[in-house]
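Notes follow the structure.
There are 2 protein chains.
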Amino acid sequence: MSFSLRMDRVKASAIRAVQKRIASKPGVISFAAGLPDPALYPLADITEATDRLLAQEGRKALSYGLTKGYGPLLELLVQRMKDKEGVECGLENLTITSGSQQGLALSAMMFVDEGDVVIAENPSYLGGINACRPYGPVFMGVDTDEDGMVMEDLERVLRETPRAKMIYVIPNFQNPTGKAWTLERRKRFMEIVSQYDIMVVEDNPYGEIRFKGEHLPCLKSMDTKGQVVYLGSFSKILSPGLRVAWICAAPEVAAMAERLKEGMDLQCNEFTQMMTVYYLQKYDIEAHIRHIQATYKARCDLMLEQIAKHFPASVKYTNPEGGMFIWLELPENLNADELLDEAIDAGVAYIPGEFFYANNGPKNTIRMNFTTVSDEDIIKGIEILGNVFKKHAQ
Amino acid sequence: MSFSLRMDRVKASAIRAVQKRIASKPGVISFAAGLPDPALYPLADITEATDRLLAQEGRKALSYGLTKGYGPLLELLVQRMKDKEGVECGLENLTITSGSQQGLALSAMMFVDEGDVVIAENPSYLGGINACRPYGPVFMGVDTDEDGMVMEDLERVLRETPRAKMIYVIPNFQNPTGKAWTLERRKRFMEIVSQYDIMVVEDNPYGEIRFKGEHLPCLKSMDTKGQVVYLGSFSKILSPGLRVAWICAAPEVAAMAERLKEGMDLQCNEFTQMMTVYYLQKYDIEAHIRHIQATYKARCDLMLEQIAKHFPASVKYTNPEGGMFIWLELPENLNADELLDEAIDAGVAYIPGEFFYANNGPKNTIRMNFTTVSDEDIIKGIEILGNVFKKHAQ
Chain B
1 MSFSLRMDRV KASAIRAVQK RIASKPGVIS FAAGLPDPAL YPLADITEAT DRLLAQEGRK
61 ALSYGLTKGY GPLLELLVQR MKDKEGVECG LENLTITSGS QQGLALSAMM FVDEGDVVIA
121 ENPSYLGGIN ACRPYGPVFM GVDTDEDGMV MEDLERVLRE TPRAKMIYVI PNFQNPTGKA
181 WTLERRKRFM EIVSQYDIMV VEDNPYGEIR FKGEHLPCLK SMDTKGQVVY LGSFSKILSP
241 GLRVAWICAA PEVAAMAERL KEGMDLQCNE FTQMMTVYYL QKYDIEAHIR HIQATYKARC
301 DLMLEQIAKH FPASVKYTNP EGGMFIWLEL PENLNADELL DEAIDAGVAY IPGEFFYANN
361 GPKNTIRMNF TTVSDEDIIK GIEILGNVFK KHAQ
Chain F
395 MSFSLRMDRV KASAIRAVQK RIASKPGVIS FAAGLPDPAL YPLADITEAT DRLLAQEGRK
455 ALSYGLTKGY GPLLELLVQR MKDKEGVECG LENLTITSGS QQGLALSAMM FVDEGDVVIA
515 ENPSYLGGIN ACRPYGPVFM GVDTDEDGMV MEDLERVLRE TPRAKMIYVI PNFQNPTGKA
575 WTLERRKRFM EIVSQYDIMV VEDNPYGEIR FKGEHLPCLK SMDTKGQVVY LGSFSKILSP
635 GLRVAWICAA PEVAAMAERL KEGMDLQCNE FTQMMTVYYL QKYDIEAHIR HIQATYKARC
695 DLMLEQIAKH FPASVKYTNP EGGMFIWLEL PENLNADELL DEAIDAGVAY IPGEFFYANN
755 GPKNTIRMNF TTVSDEDIIK GIEILGNVFK KHAQ
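Same order as they appear, the protein sequences are chains B and F. By this note's numbering, the letter at position 15 of the first sequence is numbered 15, and the numbering carries on one by one without gaps. Each number in this note's numbering corresponds to the 1-based position in the second sequence with 394 added.
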């Protein structure tokens, strides 16, 4: 079988591999997920909305639609980008995508030639990095601290990297660390990148799941030069199985994404785009999001409380204001991937943090998910994990 | 905006452009579509199936699933490939795709490097050709006659083209001509390609819409070397809006497609995959397909009868045994694209055939669709079109 050269660069997700390793041990308490809690989907409302859709426009929902996306959904998103993100946009700025993952893939295809440099936060979402790999970029990481991307490091990398083509960032409650950039960092970031001919892909699946502190403006709202490709999604606030997400970008970028998508999969799912519209038109998604926020806040607080109680003091951790993850930093001599087998044997699973680095990352970090675990399991699981750490972290 | 070099190669579909030109003139009888008739969707059964899905497994349907596809759907497809196509395959051969268009895009990504040669029938489905364009292949056309691809021409092209990497074919009721390959051609094709290190992409969206003659085996069923990537779809036999299709290929190809898809869009729509399973498990899709066949046969027969009555004898046309299209060949001095404005002004639209050639095609051909037009409009529209042709074809 002679595959194309690009297939040598395509890697299977290390995270999905870990999840398979965990799935083979039933009964394990898993902090390894990266999913919304299915118990929170507004199933009754979605069922009503779907019934109405089938009764009123069933044949349309089963038909082909437009590559750009379903018209009424696009119009709702123009309004939503304004109301929620302070972004003034029109239909010409939008294209519907099959999850933000497709927005990442389209961005990589639109901007990355072989040998170009893609800059990402260290660490970053693996799926964003993997979406670029087929096109052969070089990856460069920029350091992060408590306030987000470190601007001095970004400036250095941009200065030293003439082929820097795209910067991939997740300013809100990043996967994997849960960190959010401060307002100052956001402003400074846009000042810096506006001096370069470089595209910014702003991935914002978690922005609406802020459960502490104040909403901060997205990069797109400060974008005066059309550099930012904003990726929004209903996956974390409504349902990931419907695969409804969107790109908001400069008109020429949105149009190019549409043209490219025509060859990639012709169009998104007409049925679930219309389901989403029927849901949004009649039900209160804002109340639903507040319910998600409160539930996740309680789980996050409980996990932080238990961590403080059971983990050795040498384990550092983030204190997220939203999203789905807490990030652990073990003492430097520990290897989280090696410890995972021992943790699984003890009954607890997590994702080693090293998999979230484009190049090589430190071995002593861990991503912990709190959205899909019950209070009981958080209490039990953190104690077990604390005991594993204590054995090694003396 | 600095797009990647590959974006210079991405073309918007000429067909969608024609369809926009037509849509701006309301009231025109359109033979330009390429869609199933929405009136034929089994809406009542799909509604029942969806209700059951939401009641029984609603939260699962709204959740993330596997990149490879929904397990029970994959199992149904193993059985369907055996029953309907005589292909013995297992789960390891399958990957679910978002329409066959995504199967085409994945195939192009998996096999085509810049400068490789992609061979297609002359004419062929534009979306298949456009799916390859971002990866920079050279296209070569192989002639077709009433029996399908001309084998002498294929042999010549393969002999003369060392970088031939992929052959894209639609052996059943091809879009745009409606032609089906004879059994002899299918056998000979597989004999020839088995002597080369080349991949075959067999696109079969129309295979089950045979309304005359006998079922003929697909190329995949004669594939002894794992060369054929078979693309199947529910778009034409159930609903295109659900975007449920599949790849059936050698295990290493199916696995590579899955890995690539993880970066492209993570997974197909979980909700509509499950809807499809709920529909297939309880309702008789075979009876539904027979209903589609009978309806399309009647429309095709009526169109052929009206063509015989109203078109000048110098206009040649195909006599399809299935699918959705009739192909017209006007006298050589006529230009179908130039005539289209006159036809639209007279009240009828079609797609000029020249857009279905990878390189340059003849200007005197036309694709006519009969699946979405009422009997009344067929009778009226063919007479109008006949009058346009008569004015120029004397």
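All residues carry an ideal CB built from backbone N, CA and C; glycine is no exception.
{"Asked": "Glycine 232(B): first and last residue of the uninterrupted beta strand (DSSP E) it sits in", "Found": "228–233"}
{"Asked": "One or two residues paired with glutamate 723(F) in a DSSP bridge", "Found": "Lys710(F), Thr759(F)"}
{"Asked": "Contact residues within the segment 526–539 of chain F, judged by C-beta distance below 9 Å to chain B", "Found": "Cys526, Arg527, Pro528, Tyr529"}
{"Asked": "Chain B within 8 Å of proline 756(F), Cβ atoms only", "Found": "no"}
{"Asked": "Chain F contact for tyrosine 64(B) (CB, 8 Å cutoff)", "Found": "yes"}
{"Asked": "Distance between tyrosine 744(F) and aspartate 431(F) (C-alpha atoms, nearest Å)", "Found": "17 Å"}
{"Asked": "Counterpart residues of arginine 290(B) in DSSP-defined beta bridges", "Found": "Paired residues: none, contrary to the question."}
{"Asked": "Under 8 Å between C-beta atoms of tyrosine 196(B) and asparagine 172(B)", "Found": "no"}
{"Asked": "Three-way DSSP call (helix, strand, coil) for serine 107(B) in this model", "Found": "helix"}
{"Asked": "Under 9 Å by beta carbon: chain F residues contacting glycine 99(B)", "Found": "Asp659, Leu660, Gln661"}
{"Asked": "Selection from Glu608(F), Lys581(F), Ile631(F) that minimises the alpha carbon distance to serine 615(F)", "Found": "Lys581(F)"}
{"Asked": "Range covered by the beta strand (DSSP E) that runs through phenylalanine 533(F)", "Found": "532–539"}
{"Asked": "Beta carbon proximity, phenylalanine 271(B) to chain D, threshold 8 Å", "Found": "The question asks about chain D, but that chain is absent: this structure's protein chains are B and F."}
{"Asked": "Paired residues, beta bridge with arginine 210(B) - DSSP", "Found": "Gly322(B)"}
{"Asked": "Sequence-distant residues of its chain with Cβ nearer than 7 Å to valine 422(F) (five each side left out)", "Found": "Ile416, Ile738, Gly741, Val742, Ala743"}
{"Asked": "CB contact below 8 Å: glycine 432(B) versus chain F", "Found": "The structure shown does not extend to residue 432(B), since chain B spans only 1 to 394, so no value can be given for it."}
{"Asked": "Asparagine 204(B) versus aspartate 83(B) - alpha carbon distance", "Found": "15 Å"}
{"Asked": "Cut-off 8 Å between Cβ atoms - residues of its own chain near leucine 520(F), not counting five sequence neighbours on either side", "Found": "Ser407, Ala408, Ile409, Phe749, Phe750"}
{"Asked": "Cβ-based burial, leucine 53(B) [other Cβ within 10 Å; buried from 16]", "Found": "buried"}
{"Asked": "Contact set for leucine 260(B): own chain, Cβ-Cβ below 7 Å, skip 5 residues either direction", "Found": "Leu106, Met109, Met110"}
{"Asked": "Candidates Asn727(F), Tyr711(F), Ala411(F), of which the one nearest methionine 573(F) by Cα", "Found": "Per the sequence shown, residue 573(F) should be read as lysine rather than methionine. Closest option to lysine 573(F), Cα to Cα, is Tyr711(F)."}
{"Asked": "Sequence-distant residues of the same chain with beta carbon closer than 8 Å to asparagine 122(B), five excluded per side", "Found": "Gly141, Val142, Asp143, Thr144, Tyr357, Ala358, Gly361"}
{"Asked": "Serine 30(B) - partner residues in DSSP beta bridges", "Found": "Ala349(B)"}
{"Asked": "Integer Cβ distance of valine 647(F) from methionine 1(B), believed to fall under 8 Å", "Found": "7 Å"}
{"Asked": "Short CB-CB distance (under 8 Å) between methionine 109(B) and chain F", "Found": "yes"}
{"Asked": "First through last residue of the beta strand (DSSP E) which encompasses leucine 248(B)", "Found": "First, the amino acid is wrong: residue 248(B) is cysteine here, not leucine. Per DSSP, cysteine 248(B) belongs to the beta strand (DSSP E) from 245–248."}
{"Asked": "Coil, strand or helix - glutamate 305(B) by DSSP", "Found": "helix"}
{"Asked": "Option in Ile603(F), Pro714(F), Pro436(F) with minimal Cα separation from alanine 55(B)", "Found": "Pro436(F)"}
{"Asked": "Which residues DSSP lists as bridging glycine 542(F), in chain order", "Found": "Asp539(F)"}
{"Asked": "Own chain residues within Cβ distance below 8 Å of glycine 115(B), not counting five before or after", "Found": "Gly136, Pro137, Val138, Arg163"}
{"Asked": "Cβ neighbour criterion (16 or more within 10 Å) applied to glutamine 102(B)", "Found": "buried"}
{"Asked": "Range covered by the alpha helix (DSSP H) that runs through lysine 476(F)", "Found": "465–479"}
{"Asked": "Contacts of leucine 654(F) in chain B (Cβ-Cβ under 8 Å)", "Found": "Met7, Val10, Pro134"}
{"Asked": "Residue from Gly657(F), Ile592(F), Pro420(F) with nearest C-alpha to glycine 620(F)", "Found": "Ile592(F)"}
{"Asked": "Sequence-distant residues of the same chain with beta carbon closer than 8 Å to valine 449(B), five excluded per side", "Found": "Outside the displayed range of chain B (1 to 394) lies residue 449(B), so it cannot be described from this structure."}
{"Asked": "Which of helix, strand or coil DSSP assigns to lysine 630(F)", "Found": "coil"}
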